[in-house]
Each structure stands twice: as C-alpha cells, then as structure tokens.
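One structure below.
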C-alpha cells in the first residue's frame with residue numbers, strides 16, 4: 014500500500030499537492046472563524062504569515078503568488094485591509110510580500126488605507142520588499158474622482 018501511495022504521489026506534481034494542502038488549511042481556518050468578528054483579519058494575517066514562513070522555507074518565496082491566488086473568493090473584499098495589517102503588524106518579509114500581492118493597482122475605494130500603505134512602502138527597508146514595492150508603486154493608478 015505504501016508503495017502504491019508513493020507511486021501515485023510521484024505522478025502528481027509537487028506544486029499541485031501543495032496547492033491542495035494550502036486550500037485545505039485555509040478552508041479549515043475560514044470555517045472555524047467568523048468573518049464578522051472584529052479580530053478576524055488580525056487572526057487571518059497571523060495564520061497566513063505562519064503559512065508563508067513554513068512554505069517559503071521549504072519552497073522559496075516564489076510560492077507567495079500561488080498562496081495569494083488560492084485565497085477564497087469570500088475574502089477578496091478584505092484584501093486592502095488584510096494587506097495593511099500584514100504590512101504594519103507583521104515583521105516577516107514574506108508577510109509584507111504577500112501584502113503587496115493582495116493590493117489592487119487600481120485604487121477605486123478605501124483611500125485612507127491606500128494612503129497609509131503607500132506611505133509605509135516608501136519607508137520600507139528590506140531589499141526584497143523594497144524592490145517589490147517600487148514595482149507596485151509604479152503600477153498604481155486611480156479611478157477615484159476628486
């Protein structure tokens with residue numbers, strides 16, 4: 014049986030297995046926490062930071078866009094707020110890179126959040142985060158009518 018399991022696992026690319034494991038972990042977290050709770054986003058940010066650190070250690074930072082792309086649809090409205098929490102309250106560069114991946118480059122709502130994020134990015138010191146921040150700052154555009 015163990016040989017059959019190993020054989021089947023060898024047929025499936027490792028990234029697909031990782032994607033499914035991440036989906037399961039995220040689904041278990043989201044179903045055991047109420048989105049409407051005040052501290053949900055802080056708990057979610059902590060959960061994702063731990064998930065990132067664990068997986069980036071084993072697979073490298075290139076896994077971050079995969080993890081972001083696997084986030085449930087029900088969380089999309091919270092991306093700017095989650096990005097802000099990841100940037101301001103979490104020190105790992107992996108969490109900060111994830112925050113940058115969560116940001117939409119078209120600003121059409123939540124101006125105070127985007128303003129504080131941009132101000133924070135301008136002060137960033139980590140070289141990898143700084144390079145990613147420069148890239149995203151170049152791509153920002155606004156659809157807000159003033």
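Residue numbers (the working numbering): 14 to 159. Each residue gets a CB set at the ideal place from its N, CA and C atoms; glycine is no exception.
Query raised in the report: Per DSSP, what kind of secondary structure is residue 120 in: helix, strand or coil?
Result: In the chain shown, residue 120 corresponds to position 107, counting from 1. Note: residue 120 maps to strand in three-state DSSP.
Query raised in the report: Considering only residues of the same chain and omitting the five flanking positions on each side of residue 127, which have a CB-CB separation below 6 Å?
Result: Along the chain shown, one-based indexing puts residue 127 at 114. Once the five neighbours on either side are set aside, the close Cβ partners of residue 127 are 120.
Requested in this report: For residue 87, count neighbouring C-beta atoms within 10 Å of its own C-beta (all shown protein chains included) and say buried if the count is 16 or more, exposed if not.
Outcome: The residue labelled residue 87 in the question sits at position 74 within the chain shown. With fewer than 16 Cβ atoms within 10 Å of its Cβ, residue 87 is classed as exposed.
Query raised in the report: With C-beta atoms as the reference, is residue 106 less than 7 Å away from residue 142?
Result: On the chain shown, residue 106 is found 93 positions in, with the first residue counted as 1. On the chain shown, residue 142 is found 129 positions in, with the first residue counted as 1. Contact flag set, yes.
Report task. Could you check if residue 56 is buried or exposed, using at least 16 other CB atoms within 10 Å of its CB as the buried criterion? Result -> Taking the first residue of the chain shown as 1, we reach residue 56 at position 43. With fewer than 16 other Cβ atoms within 10 Å, it is exposed.
Requested in this report: Check whether the Cβ atoms of residue 145 and residue 98 lie closer than 7 Å to each other.
Outcome: As a first step, residue 145 must be located in the chain shown, where it is residue number 132. As a first step, residue 98 must be located in the chain shown, where it is residue number 85. No.
**Report entry** Segment limits, alpha helix (DSSP H) that includes residue 71
**Finding:** Numbered from 1 along the chain shown, position 58 holds the residue referred to as residue 71. Here the alpha helix (DSSP H) through residue 71 covers 53 to 72.
Report task. Return the CA-CA distance between residue 31 and residue 114, expressed in angstroms with no decimal places. Result -> Walking along the chain shown from the start, residue 31 turns up at place 18. Walking along the chain shown from the start, residue 114 turns up at place 101. Cα-Cα distance, rounded: 19 Å.
Query raised in the report: What separation, rounded to the nearest whole angstrom, lies between the Cα atoms of residue 19 and residue 27?
Result: Mapped onto the chain shown, residue 19 falls at position 6. Mapped onto the chain shown, residue 27 falls at position 14. Spanning the two alpha carbons is a distance of roughly 12 Å.
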